[in-house]
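So the sequence shown is numbered by my numbering: it starts at 7 and just counts up by one.
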Amino acid sequence: MALPFRRRIFVVLVVMTVVPTVLAVAGWVLSVRRLLPAAGARASTERVASTARMLLDGVDTLHLTLRERALLRHHLNEVSASVSLARRAETFLRYYTAGFAVVIVLLGAGVLYASVNVAGHLSRQLSRPIDELVGWTQLIRRHEPLPTGLATRGAPEFEALRQALRELAAALDAARERELEAERLRAFREVARRVAHEIKNPLTSMRIAVDQMRRTVGPLDSRTEIAVQVLEAETDRLERLAKEFSEFGRLPEGPQSEVDLPELLEELGRTGVPEGVRVTVYANGGPRSLLGHYEPLRRAFANLYRNAAEAMKGRGAIDVTVTGDGAGLAITIADHGPGIPAELRLRVFEPYFTTKDDGTGLGLALVRVTLEAHRGTISVSETPGGGATFAIVFPPAGTS
């Protein structure tokens, strides 16, 4: 059975400390017992005392002079004192050796105890952040939010890993939101394509019928004329609606070409707005062209111009700025109308959302789809002094 990470670290640290400690204690005890010469000194002194007694037994002290007997007596006293000192030294060294060995063993036990505690502390310090990060991966898998706040447990590398997991979770959430949004747009486009197809067939028959009435019936009375005009107006509206549905349901396709954005925006400023609206295009002289589909881009910018003109009720100024550099192309289209409330700025690009009485809710959604097909992004903010500013950013060529 595999041990958990914490127990593995604990066992490794304990073994790394216990083995050297046990070997050191055993070596110290053996060295003390081998290097302290206690019994050897006593044995030598006992032999000297034995030979001294034999000497006394074999010598006739009566024939010795007083000085010689005094010297012999002094020698015997010194031998006897040496034997007594050797015995006391042996006893002392025996207890000293045993006590020193006990001290060494106790110190070794203390080292082992400290090593076990230190190993447990280190294993907890290493395993807790890892267990925490493993739990974070479970939260990410279940799409649950990660804990907030600053965690101080573990080494700085663990905090860097926590930050990386937070960034990963944020990136996964953003990617998930983009995928859901893309799926919703695909569903909207499919519905729009089918609606456009279903509208076109009866719409064609209705327009043919209205044209035949005008050609064959002759002059119409006032009530019939009003009815025919209503039919013509509504069929025109249905045709425009079917066209918008069809364009929204179809992504730009075909070969791409270089599109000069300032030139396109200036041409739309001359032809795509009412006479009471003045469009001014400013370019910084940087990169001007974009590799893309001309007609879809033209329809998208024409839609932005039309919305700005309608917001200003057909009179006012639209300020357009084109900025090109190594970071890509940035375009801002600012009008001076009533603007868009802050709570609606994120919804204006949703399909079928509109604030107009006769709007389809597909204009800005089509703009967004077209720009995203060219890897661009669009956002809306408030124009200084009043109005709405649409900001469009295209990344540099060659980036994803």
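Note that CB positions come from ideal geometry on N, CA and C, so glycine has one too. Quantities reported herein were computed from a predicted structural model and do not represent experimental measurements.
- Item | Closest Cα partner of residue 333 within the set 308, 191, 398 | 398
- Task: Can you tell me which of 162, 247, 360 puts its alpha carbon nearest to the alpha carbon of residue 204?
- Result: 247
- Ends of the beta strand (DSSP E) at residue 396? 394 to 400
- Task: Would you tell me roughly how many angstroms separate the C-alpha atoms of residue 338 and residue 151, rounded to the nearest one?
- Result: Each residue's alpha carbon lies about 36 Å from the other.
- Query: Shortest alpha-carbon distance to residue 207 belongs to which of 356, 245, 222?
  - Reply: 245
- Message: Strictly by DSSP, which residues pair up with residue 335?
- Response: In the DSSP output, where bridge partners are listed per residue, residue 335 has 330, 400.
- Taking C-beta to C-beta, are residue 167 and residue 145 nearer than 8 Å? no
- Message: Given this structure, state the Cα-to-Cα distance separating residue 45 from residue 117, to the nearest angstrom.
- Response: Here the model assigns residue 45 a pLDDT of 49, short of 50, so the residue's position is not dependable, and the following value carries that caveat. When rounded, the distance between both Cα atoms is 32 Å.
- Using three-state DSSP, classify residue 45 as helix, strand or coil. Its pLDDT being 49, under 50, residue 45 is placed unreliably by the model, and the measurement read from it follows with that caveat. Helix at residue 45.
- Item | Range of the contiguous alpha helix (DSSP H) that encloses residue 369 | 369 to 379
- Starting from residue 300, follow the alpha helix (DSSP H) in both directions and report where the run begins and ends. 300 to 317
- Task: Could you say if the region 267 to 277 and the region 213 to 233 meet the contact criterion of at least three C-beta pairs nearer than 8 Å?
- Result: no
- For the region 232 to 283, list the alpha helix (DSSP H) runs that are entirely contained and at least 4 residues long, ordered along the chain. 267 to 277
- Item | Limits of the alpha helix (DSSP H) - the one that residue 210 falls within | 162 to 222
- Measure the beta-carbon distance from residue 386 to residue 394 and round it to whole angstroms, keeping in mind my assumption that it falls under 8 Å. Confirmed, about 6 Å.
- Give the DSSP bridge partners of residue 297, in chain order. Answer is 264.
- Thinking C-alpha only, which one of 162, 214, 252, 232 is nearest residue 199? 252
- State yes or no: is the C-beta of residue 373 within less than 8 Å of the C-beta of residue 318? no
- Message: Short of 7 Å in beta carbon distance, which residues of its chain neighbour residue 310, apart from the five on each side in sequence? Order them along the chain.
- Response: 339, 373, 396
- By how many angstroms is the C-alpha of residue 314 removed from the C-alpha of residue 308? 10 Å
- If you count every other CB in all the chains shown that lies within 10 Å of the CB of residue 342, and 16 or more means buried, which is it? With at least 16 other beta carbons inside 10 angstroms of its own, residue 342 counts as buried.
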